[in-house]
Structure formats: structure tokens, C-alpha cells
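What follows is a set of notes on a single structure, which appears directly below.
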Amino acid sequence: MELIDIGVNLAHDSFDADRDLVMRRAADAGVTQMVVTGSSVDSTRKAIELARSHPGVLFATAGLHPHHASDLTDATRAELADLARDPAVVATGECGLDYFRDFSPRDAQRRVFAWQLELAAATRKPVFLHQRDAHEDFIAILREHHAGLTSGVAHCFTAGEKERDDYLELGLAIGITGWINDERRGLHLREVVRVIPADRLMIESDAPYLLPRDIRPPPKTRRNEPAFLPYVVRAIAAARGESAEAVAAATTATARAFFGLPAAG
Ligand SMILES: [Zn+2]
76 MELIDIGVNL AHDSFDADRD LVMRRAADAG VTQMVVTGSS VDSTRKAIEL ARSHPGVLFA
136 TAGLHPHHAS DLTDATRAEL ADLARDPAVV ATGECGLDYF RDFSPRDAQR RVFAWQLELA
196 AATRKPVFLH QRDAHEDFIA ILREHHAGLT SGVAHCFTAG EKERDDYLEL GLAIGITGWI
256 NDERRGLHLR EVVRVIPADR LMIESDAPYL LPRDIRPPPK TRRNEPAFLP YVVRAIAAAR
316 GESAEAVAAA TTATARAFFG LPAAG
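Shown next as C-alpha cells:
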């Protein structure tokens, strides 16, 4: 089984002590390539460094998470625009709106999101999207900028059928995490995921977050790793009535085409 993790926060400091081991375990689990999420100027720089030191295996995104929207200054704007054009960067983002936490004021979030959609259009790279509790504003801004975009993925999709249909109608792909493994809050996703076309469906760990809840025996720490991605594949396969091998093959092919990744190894 070959897997591509399209969203891993491998620059996160929880991986500082054992990042090489985490990568080794990922490879042993069949995860041949990973897209390292850049969510701030710092994590984007670090993601690019990681991608440069593991060519063909790690790739980076360049962006500003809505939590950090109020960090955007003229200087960081220029720097992000520069980083987004780096050859190691395969997507702009993560960017979007997060009204669940509201760490940045909403008008700043909307402005910074719109700017990053323009950046994605200028770089001709896909956009890596984050949305939580902000669907109406999010889809309105996307519709406004949609014509310039090459493609986009709604990462860590946790919403319902209406949101899924709105995204699919806009031509977006959808990223599914271990949220679907959660027997308390992820049950609706098992319905939602049945209707996503195979060429729009990708998988992601979002590690160190979102540890799948059905890992047996449960790991000693709550930290998630890309090596646990097969649990997400099995949950999607069960929901869609497909084999894990079929889900792995399809999501890998979709991710490789979407981000323009070379063949592994
Ligand atoms: Zn996110």
C-alpha cells in the first residue's frame, strides 16, 4: 500500500526530538511522500528546509493560517510571496477562515485569505484551504476568486453534505483526516465521504493533531504521526464499501496529480 500524506505539520516542535524516526515509521507504514504544512512564515521556512533536505519525499506549502492573520505586515507579505514561489512549495496555504477560535479578527482573516487566493493564482499552484465554522463567508470569498485558481483542496474536512456539495461544485478536492475515525464526532463523515468522487478525495494525518481514536493498542502519547495514516484509509474504505487497497491507490494517484508530485523513490 503506497500512501501520500497531503497535510502533516512536520515542522511542529513536537517532532523536533525524533523527526527522522517519525519519517522512518511513516515510510515503514507505506507513506512514501508527505506535504508539510506551512501555516506561518516560520513554519513555512521550516517546511521548505525540510523539503529541500528530503527531495522527492517531502514537499511544502507556504501560507498563513487564519489564526495568524493579524501577523501579516508588509514585510511578512513580501516574504510569503517569495516563499510561495520556491520550487519546494507545491501549494499556497494553509489559508482560509476559522471562526471557531477567532484568534484573529474576522475582517483580518477575510483580507488575508483573499490575498492568499490572489497569491495562489499568481503562482499557478493549488491552494490548501482551512475552514471552520465560517462556511458562508469562506465560500463567498472563494467564489469571488475562483476563476484565477488552478485547483484547491478543503483540508481536514469535518463539515456536512451541504459544504461538501458546495466545494465539489466549485471543483475543489477534499482532504479527510482521522476525524472520520472518531466514533463520537466523526460519524457523519462516514456518510459524507461516500459521495466524494475518487479523483477529488485525498488523505492527511494533520499530525501532530487528530490522533485516530481506534488505534489498538492506543499509543502512549496523544501525538499523531503520518505512520497512523493506514487507520484513516481503513475508515474511509469501510465507509465507502471499498477495499483499503483501492482507497490507497486512488487517493495516492489523486494527490500525486493534484500537487504535481514525481513518482516515489
Ligand atoms: Zn487547518
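Numbering (the numbering used here), first residue to last: 76 to 340.
By construction, the Cβ of each residue, glycine as well, lies at the ideal position given by its N, Cα and C atoms.
Hey, would you say the C-beta of residue i is under 7 Å away from at least one heavy atom of ligand 1?
i	result
residue 169	yes
residue 87	no
residue 142	no
residue 230	yes
residue 129	no
residue 205	yes
Output the boundary residues of the beta strand (DSSP E) element that contains residue i.
i	result
residue 125	Where residue 125 is concerned, there is no enclosing beta strand (DSSP E), although the alpha helix (DSSP H) it sits in stretches over 116-128.
residue 229	227-229
residue 107	106-111
residue 167	164-173
residue 95	Where residue 95 is concerned, there is no enclosing beta strand (DSSP E), although the alpha helix (DSSP H) it sits in stretches over 94-103.
For residue i, report the span of its alpha helix (DSSP H) as first-last.
i	result
residue 198	181-198
residue 216	210-220
residue 149	149-158
In chain order, what residues of the same chain lie with their CB nearer than 6 Å to the CB of residue i, ignoring the 5 residues before and after it?
i	result
residue 134	110, 126, 165
residue 307	253, 278
residue 247	227, 229
residue 339	107, 108
residue 175	207, 208
residue 273	325
Less than 8 Å between the CB atoms is what I'm expecting for residue i and residue j, so what's the real figure, rounded?
i	j	result
residue 106	residue 294	Contact doesn't hold; Cβ gap of about 16 Å is too wide.
residue 417	residue 276	Since the displayed the chain opens at 76 and closes at 340, residue 417 lies outside it and no answer follows.
residue 178	residue 142	4 Å
residue 168	residue 337	Wrong, their Cβ atoms sit about 21 Å apart, outside the cutoff.
residue 77	residue 312	That belief does not hold up - the Cβ atoms of residue 77 and residue 312 are roughly 15 Å apart, past 8 Å.
residue 121	residue 86	4 Å
With a threshold of 8 Å between beta-carbons, can residue i be considered close to chain B, or not?
i	result
residue 77	Absence of chain B from the displayed structure is noted, only one protein chain being present.
Here's a check: name, in chain order, each residue in its chain whose Cβ is nearer than 7 Å to the Cβ of residue i, leaving out the five neighbours to either side.
i	result
residue 242	229, 249
### Message
For the structure I just gave you, are there three or more beta carbon pairs, one from the stretch 302-318 and one from the stretch 260-274, closer than 8 Å?
### Response
yes
### Query
Quick one: any contact between the stretch 154-162 and the stretch 213-226, if contact means 3 or more CB pairs under 8 Å?
no
### Query
Quick one: any contact between the stretch 227-246 and the stretch 288-295, if contact means 3 or more CB pairs under 8 Å?
Short answer: they don't touch.
### Task
Please determine if the stretch 249-264 and the stretch 108-124 are in contact, where contact requires at least 3 C-beta pairs separated by less than 8 Å.
no
### Message
Under 8 Å, with one C-beta from each stretch per pair, do the stretch 136-154 and the stretch 179-197 reach the 3-pair mark?
### Response
Counting Cβ pairs under 8 Å, three or more are found: they touch.
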